[in-house]
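**Student:** In the order they appear, the protein sequences are chains A and R.
FYI, the numbering used here numbers position 232 of the first sequence as 234, with every residue one higher than the one before it.
FYI, the numbering used here numbers position 231 of the second sequence as 233, with every residue one higher than the one before it.
Just so it is clear, CB atoms sit at the ideal spot from N, CA and C, and this is done for glycine as well.
Remember, it's a predicted structure, so these values are computed and weren't measured experimentally.
Got a structure here, written out as structure tokens. Questions coming.
2 protein chains.
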Amino acid sequence: MRPSNTLEIAEIGSFHVGGRRAGAPPHMVDPNGELEVEQMYAQYVKLDRPKARYPLLLVHGGGLTGVTYETKPDGQPGWQSYFLHAGHDVYVSDAVERGRASWARYPEIFKSEPFARTKQEAWELFRIGPPGNYPVRAAYPETQFPVEAFDQFAKQAVPRWATNDAATIAAYEAYFRKVGPCVVLAHSQGGNLVLTAGLRVPELIRGFVLVEISGAPDPVMTNLAVFGNVPHLFVWGDYIDDSRSWIQMADTVARYGEALRTVGGSVEWLDLPAVGITGNSHMIMMDRNSDAVAGLIQDWMGRHGLMR
Amino acid sequence: MRPSNTLEIAEIGSFHVGGRRAGAPPHMVDPNGELEVEQMYAQYVKLDRPKARYPLLLVHGGGLTGVTYETKPDGQPGWQSYFLHAGHDVYVSDAVERGRASWARYPEIFKSEPFARTKQEAWELFRIGPPGNYPVRAAYPETQFPVEAFDQFAKQAVPRWATNDAATIAAYEAYFRKVGPCVVLAHSQGGNLVLTAGLRVPELIRGFVLVEISGAPDPVMTNLAVFGNVPHLFVWGDYIDDSRSWIQMADTVARYGEALRTVGGSVEWLDLPAVGITGNSHMIMMDRNSDAVAGLIQDWMGRHGLMR
Numbered sequence: 003m004r005p006s007n008t009l010e011i012a013e014i015g016s017f018h019v020g021g022r023r024a025g026a027p028p029h030m031v032d033p034n035g036e037l038e039v040e041q042m043y044a045q046y047v048k049l050d051r052p053k054a055r056y057p058l059l060l061v062h063g064g065g066l067t068g069v070t071y072e073t074k075p076d077g078q079p080g081w082q083s084y085f086l087h088a089g090h091d092v093y094v095s096d097a098v099e100r101g102r103a104s105w106a107r108y109p110e111i112f113k114s115e116p117f118a119r120t121k122q123e124a125w126e127l128f129r130i131g132p133p134g135n136y137p138v139r140a141a142y143p144e145t146q147f148p149v150e151a152f153d154q155f156a157k158q159a160v161p162r163w164a165t166n167d168a169a170t171i172a173a174y175e176a177y178f179r180k181v182g183p184c185v186v187l188a189h190s191q192g193g194n195l196v197l198t199a200g201l202r203v204p205e206l207i208r209g210f211v212l213v214e215i216s217g218a219p220d221p222v223m224t225n226l227a228v229f230g231n232v233p234h235l236f237v238w239g240d241y242i243d244d245s246r247s248w249i250q251m252a253d254t255v256a257r258y259g260e261a262l263r264t265v266g267g268s269v270e271w272l273d274l275p276a277v278g279i280t281g282n283s284h285m286i287m288m289d290r291n292s293d294a295v296a297g298l299i300q301d302w303m304g305r306h307g308l309m310r
Numbered sequence: 003m004r005p006s007n008t009l010e011i012a013e014i015g016s017f018h019v020g021g022r023r024a025g026a027p028p029h030m031v032d033p034n035g036e037l038e039v040e041q042m043y044a045q046y047v048k049l050d051r052p053k054a055r056y057p058l059l060l061v062h063g064g065g066l067t068g069v070t071y072e073t074k075p076d077g078q079p080g081w082q083s084y085f086l087h088a089g090h091d092v093y094v095s096d097a098v099e100r101g102r103a104s105w106a107r108y109p110e111i112f113k114s115e116p117f118a119r120t121k122q123e124a125w126e127l128f129r130i131g132p133p134g135n136y137p138v139r140a141a142y143p144e145t146q147f148p149v150e151a152f153d154q155f156a157k158q159a160v161p162r163w164a165t166n167d168a169a170t171i172a173a174y175e176a177y178f179r180k181v182g183p184c185v186v187l188a189h190s191q192g193g194n195l196v197l198t199a200g201l202r203v204p205e206l207i208r209g210f211v212l213v214e215i216s217g218a219p220d221p222v223m224t225n226l227a228v229f230g231n232v233p234h235l236f237v238w239g240d241y242i243d244d245s246r247s248w249i250q251m252a253d254t255v256a257r258y259g260e261a262l263r264t265v266g267g268s269v270e271w272l273d274l275p276a277v278g279i280t281g282n283s284h285m286i287m288m289d290r291n292s293d294a295v296a297g298l299i300q301d302w303m304g305r306h307g308l309m310r
């Protein structure tokens, strides 16, 4: 007998999308000194018989790549695997400048210096332990993050730039146009980027799952009515109240959510501790209870007609 | 009825391996200013019922990533897909400094400036058209490379360094140790790197498929006897004789192959034009006839006891 977790898969593939031609320094005027820059990368796994109506696009956060959703740092299956088993065609992408999307020389093409997140910044910003705690690495006692795998997680980090947002949003728009109607699940920095890109092609977005997103479009400056038919699920982990940064970011996102509700949008705000699920870090998809949280997301997709 | 090309897959996953801790510039002495550097990345797809005895590790060449083996630039399935369908558990990796492996700031951690390959260099070095031909982009008339997809191919390029060979070889060794007994298929720059790493763990390498590799260990300086039981297949495309660089590189590789034969090793030298398969570029796995060449590699694996 075969194990019950066998996946019947029709296709595994990948592509780059978006980007532009650029002159290659130092010969900016040499017509042969050309590169392709500002593209992004996506890899997909398509099921033989998907149960979801639309492909599910998993979008990573800042300083990371699509690896966010693959095997977890502790070696357990991540959300790519979970949502494949749940019947979705799953796309995992690397944003402009990250991972397999490639990057371009600075300051000639990318206009600033990149920066790398240190382990201390990750430990604190991702709420593995209380602020200031990294030197002794005492995690929150109840944390769901696999603390023993923190250094393995740190190997996933990639440098980032602060000056590529416009190119990144353009590439996400190209990505949505290439894939067609889809559900987008985004994490952290990825949230504001895909919401902004999605506003340009709202007819292609059938749902947004926004996991601890760090920002959102300003509702005063945005015509949110185009998202009136796009259900939004916001997911938040634990220890937000310990972090001044996260209190502010969640407030910004809440204002976006409230404005969307005002124009008739479907908005669900899933505060995990409020429903009894405690100990989640910012990296919910890597936490030990990642399957349980994915299950709540899956239920939400079912309730919003996103499954066949 | 399901399409006959459905894959029954037990697991899709990925990992980073190798690397070291480094101080993060500019605070090299700050104990909290730490990064993980010099790791590599691998992604695997494991079949429910593989027909191959060992996992197949696909290793990319210079200035590129594991995307080399995924969907081809013309949108057709690449060798990752071919060898999955042929019954192998397939691992696709990104070397140190490339793609999802990440890279580190220079000159503080990586000790030199990176360089990016321009499209002209790629066109000529990869033998899409005759030397000097890029400005008019007239490909070899019989080329198997999908010339219309050349710009799409250029989006796969990533910057590279000339000073990371030792770290790259160390990471490949760690990779082989993590995976265990395996067959390694390497392209171009990847060849010398995996041969050198393999010499440290020859008992783990059950076969080498070396596709247009650009170098090989110096047989005078190397104890090749440890590879006496490791069959080697060398694969070469067309138009080598037009390129002074490739004539030299193939000569270097031939010296390695001859020395290996002298110590009793199994060496097969597959010169595709000599067996009537013409028009292949350096990027054989992206050429229109990539499946046909993969079929010859698959046959070789069968003849060398690498399939069940």
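Spell out whether any CB of chain A is found under 7 Å from the CB atom of R:I171.
**Tutor:** No, because no Cβ of chain A sits closer than 7 Å to the Cβ of R:I171.
**Student:** For R:R162, which beta-bridge partners are listed by DSSP?
**Tutor:** R:R162 is bridged to R:F117.
**Student:** Of all the options A:P221, A:H306, A:M288 and A:P204, which has the alpha carbon lying nearest to the alpha carbon of A:T73?
**Tutor:** A:T73 has its Cα closest to that of A:M288, out of A:P221, A:H306, A:M288 and A:P204.
**Student:** From the DSSP secondary-structure annotation, give me the bridge partner or partners of R:R23.
**Tutor:** For R:R23, which the question treats as bridged, DSSP gives the partners R:E38.
**Student:** Does the region 248-261 of chain A touch the region 151-159 of chain A, meaning 3 or more C-beta pairs lie closer than 8 Å?
**Tutor:** Result no; under three Cβ-Cβ pairs closer than 8 Å.
**Student:** Leaving aside the five residues before and after R:P33 along the sequence, list all residues of the same chain whose C-beta is less than 8 Å from its C-beta, in chain order.
**Tutor:** In this prediction, R:P33 scores a pLDDT of 49, lower than 50, which makes its location untrustworthy; no coordinate-derived value is stated.
**Student:** Using a Cβ-Cβ distance cut-off of 7 Å, determine whether R:F17 contacts chain A.
**Tutor:** So, interface residue.
**Student:** Name the one or two DSSP bridge partners that A:L206 has.
**Tutor:** Paired residue(s): none; A:L206 is not in a bridge.
**Student:** Given a limit of 8 Å on CB to CB distance, which residues of the region 153-187 of chain R reach chain A?
**Tutor:** Going along the region 153-187 of chain R in chain order, one finds D153, Q154, A156, K157, Q158, A159, V160 and P161 with a Cβ nearer than 8 Å to chain A.
**Student:** If you follow the beta strand (DSSP E) that A:E270 is part of, which residue opens it and which one closes it?
**Tutor:** Start and end: V269 to D273.
**Student:** Report the partner residues of R:L308 according to the DSSP bridge assignment.
**Tutor:** BP columns for R:L308 are empty, so no partner.
**Student:** Could you tell me which of R:F128, R:G217, R:A261 and R:I299 sits nearest to R:V185, measuring between CA atoms?
**Tutor:** Here the closest residue by C-alpha is R:I299.
**Student:** Please go through the same chain and pick out, in chain order, the residues whose beta-carbon is closer than 6 Å to the beta-carbon of A:K113, but skip the five residues on each side of it.
**Tutor:** Contacts found: T165.
**Student:** Would you report the Cα separation of R:H234 and R:V149, rounded to the nearest angstrom?
**Tutor:** Taking the straight line joining both Cα atoms gives about 31 Å.
**Student:** Alpha carbon to alpha carbon, how far is R:S16 from R:G2? Give it in angstroms, no decimals.
**Tutor:** Only positions 3 to 310 of chain R appear in this structure, which leaves residue 2 of chain R out of reach.
**Student:** Would DSSP call A:G259 helix, strand or coil?
**Tutor:** Three-state DSSP puts A:G259 in a helix.
**Student:** Could you check what DSSP says for R:G266 in three-state terms: helix, strand or coil?
**Tutor:** It is coil, neither helix nor strand.
**Student:** I'd like to know whether the C-beta atoms of R:Y46 and R:R208 end up nearer to each other than 7 Å.
**Tutor:** In this structure, R:R208 does not lie closer than 7 Å to R:Y46 by Cβ.
**Student:** For A:Q45, which residues in chain R fall below 9 Å Cβ to Cβ?
**Tutor:** What A:Q45 touches in chain R: Q45, V69, E72 and T73.
**Student:** Work out the CA separation of R:D50 and R:P275 for me, nearest whole Å.
**Tutor:** One C-alpha to the other measures close to 37 Å.
**Student:** Strictly under 7 Å for the Cβ-Cβ distance: is R:A54 near chain A by that measure?
**Tutor:** So no, R:A54 is outside the interface.
**Student:** Measure the C-alpha to C-alpha separation of A:P137 and A:Q122 and round it to an integer number of angstroms.
**Tutor:** Cα to Cα, the separation comes out at about 8 Å.
**Student:** Do R:V94 and R:Q82 have their CB atoms nearer than 7 Å?
**Tutor:** In this structure, R:Q82 lies closer than 7 Å to R:V94 by Cβ.
**Student:** Using only alpha-carbon positions, find the residue among A:A261, A:R263, A:S247 and A:F236 that is nearest to A:W302.
**Tutor:** Ranking the options by Cα distance to A:W302, first place goes to A:F236.
**Student:** Is R:M309 near R:A173, with beta carbons less than 7 Å apart?
**Tutor:** No; because the gap between Cβ atoms is not below 7 Å, this pair is not in contact.
**Student:** Compute the beta-carbon to beta-carbon distance between R:V222 and R:V61, rounded to the nearest angstrom, for a pair I have assumed lies under 8 Å.
**Tutor:** Between R:V61 and R:V222 the Cβ distance is about 25 Å, and since that is not below 8 Å, they are no contact.
**Student:** Using a beta-carbon distance below 7 Å, is A:D50 in contact with chain R?
**Tutor:** Yes, A:D50 counts as interfacial toward chain R.
**Student:** Would R:S292 be called buried (16 or more neighbouring beta carbons within 10 Å of its own) or exposed?
**Tutor:** Buried is the call here.
**Student:** Give the interface partners of A:L60 over in chain B, defined as CB-CB distance under 9 Å, in chain order.
**Tutor:** Annotation note: the requested chain B is absent from the structure, which comprises protein chains A and R.
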